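These notes are about the structure you will find just below.
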């Protein structure tokens, strides 16, 4: 079943690349001078590679997991210094006529290393040393890939938090991640709106932080009375501020929010000393870190992110249009997908893609080719195929007898899900353009080989689960 899904996705990807890079003067899908022909060659090598992976003794993947990881880390380091500058990034190693992107292979190597760690006797995420080790394993390739100016590829590794959650990591970390995203988006989106002399984004995030504290008291600490008191206090403060503004008294909203937060912190300490509950300290720490995060957003956005990344985020949040600059790709992509309607215009009949209005339409933006030529039903069918594959991978993970196999499977599922969600979201304008491929569809040998290795190593591990047991 999994192999069939893989072959269907690869075939559909090949046809989509042919459609996206179609040349009226040379219409053969088998022409090796065209991208469809080159991709066919990569597909042939991928199938051979998959066969070789299945033939290797399953013990190799566990025994040499750390070696694979070390080799890839070394390649990532070398890439930073030896790779040529291509469109502002140094992520491709040129080996004669072939160019390889080590970041694509870092995914399977990191997944194997993590699986090996979890399979170690006595390993537990509750042990701070073990938790630190796996977090370091994830952050190291991320940092090296960011150094190559490939932020999108680096963000993929953040998806491994879903695997950590499956293996016992507290759900609070997922909640914190969601909060960080919401805080960042709100702070940036409303940074230009002023409430008096204060940015509306800062005030809104403070309000969210205060509501999070009340919500955690209610749902996490199970102290409904304390949560109700806080909410009533918030309403009272808001009412007083409203009355003062009504009578013409100037109110600095930021000072009010900071003062309220300090009062809530003191109240939390009182609750802690009366109950001695460590969860109260967790809630207090959440508030403090959230405030620190808020005040770091401006620095991170303006001083850490590159100007083009700032522009893409602003366009995605609707702060700017820039239809001829940062927003051009997404705008043309949405036009292409919208023009496809429900049934699509038919293979090779897409006007936007045939006239090359959409940049990178056979790589990062290949999903728009599917949407224009195959319509809603074709695009939805591709998403269904991916979702089916992801659930299939999860099912494989759940039937493993060892932590090694289960963890590796969930790493594969997490990576596939992230690529699907972000790539499709990027193409339809829901996410900023960060440049990651659609698995098995986007043109390129490194991407196809990387995902082939990722998936077929899992199938080899699964095939040996009874032997391991």
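Numbering (this note's numbering), first residue to last: 1 to 469.
Even for Gly, the Cβ is constructed at its ideal location relative to N, Cα and C.
Since the model is a prediction, treat every value here as computed from it, not as a measurement.
Asked                                                                                                                                                         : Found
Suppose contacts are defined by Cβ-Cβ distances below 8 Å. Is residue 110 in contact with residue 138 by that definition?                                     : yes
If contacts are defined as beta-carbon pairs under 8 Å, then residue 301 and residue 119 qualify, I think. What distance do you get, rounded to the angstrom? : In fact, because the Cβ distance is near 40 Å, the residues do not count as touching under 8 Å.
Pick helix, strand or coil for residue 319, following the three-state DSSP scheme.                                                                            : coil
Counting pairs of beta carbons, one from the stretch 115 to 129 and one from the stretch 60 to 79, are three or more of them closer than 8 Å?                 : yes
Does the stretch 355 to 372 come close enough to the stretch 392 to 408 to have 3 or more Cβ pairs within less than 8 Å?                                      : no
Is the separation between the beta-carbon of residue 97 and that of residue 79 shorter than 8 Å?                                                              : no
Excluding five sequence neighbours on each side, which residues of the same chain lie with their C-beta closer than 8 Å to the C-beta of residue 253?         : 195, 196, 198, 203, 241
Which residues in the same chain have their Cβ closer than 8 Å to the Cβ of residue 185, if we skip the five residues on either side of it in sequence?       : 317
So, residue 329 versus residue 359, is the Cβ gap smaller than 8 Å?                                                                                           : yes
Per DSSP, which residues does residue 453 bridge with? Please list them.                                                                                      : None, per the DSSP bridge assignment.
With DSSP collapsed to three states, give me the class of residue 390.                                                                                        : helix
Looking at residue 440 and residue 152, is the spacing between their C-beta atoms short of 8 Å?                                                               : no
If you compare alpha carbons, which of 463, 434, 438 is closest to residue 150?                                                                               : 434
Would you mind stating whether residue 256 and residue 237 have Cβ atoms separated by less than 8 Å?                                                          : yes
Thinking just about the alpha-carbon of each residue, which of 280, 160, 312 is nearest to the one in residue 415?                                            : 160
Quick check on the DSSP output: the beta strand (DSSP E) that includes residue 100 runs from which residue to which?                                          : 98 to 100
Assuming residue 458 and residue 393 make a contact with CB atoms under 8 Å, what is their CB distance in whole Å?                                            : 7 Å
Helix, strand or coil for residue 85, going by three-state DSSP, please let me know.                                                                          : coil
If we count the other Cβ atoms within 10 Å of its Cβ and call it buried at 16 or more, is residue 249 buried or exposed?                                      : exposed
Using the three-state DSSP reduction, which class does residue 438 fall into: helix, strand or coil?                                                          : coil
Quick check: residue 260 and residue 217, are their CB atoms within less than 8 Å of each other?                                                              : no
Between the alpha carbons of residue 288 and residue 428, how many angstroms are there, rounded?                                                              : 36 Å
Report yes or no: do three or more beta-carbon pairs, one from the stretch 81 to 91 and one from the stretch 32 to 44, lie closer than 8 Å?                   : no
Mind checking residue 247: buried by the 16 CB within 10 Å criterion, or exposed?                                                                             : exposed
Which same chain residues, not among the five before or five after residue 376, have their C-beta less than 6 Å away from its C-beta?                         : 342
Quick check on residue 95: does DSSP put it in helix, strand or coil?                                                                                         : strand
Can you give me the C-alpha to C-alpha distance between residue 50 and residue 422, rounded to a whole angstrom?                                              : 26 Å
Quick one: what's residue 194 bridged to in DSSP?                                                                                                             : 199
For the putative contact between residue 107 and residue 450, defined by C-beta atoms under 8 Å, what is the C-beta separation to the nearest angstrom?       : 6 Å
In or out: residue 141 buried (at least 16 other Cβ within 10 Å) or exposed?                                                                                  : buried
For a quick check, are the C-beta atoms of residue 230 and residue 213 less than 8 Å apart?                                                                   : yes
Which of the three DSSP states, helix, strand or coil, is assigned to residue 331?                                                                            : helix
Check the C-beta distance from residue 347 over to residue 19 and give it rounded, since I have them as a contact under 8 Å.                                  : 6 Å
Pick helix, strand or coil for residue 135, following the three-state DSSP scheme.                                                                            : helix
With C-beta atoms as the reference, is residue 387 less than 8 Å away from residue 424?                                                                       : no
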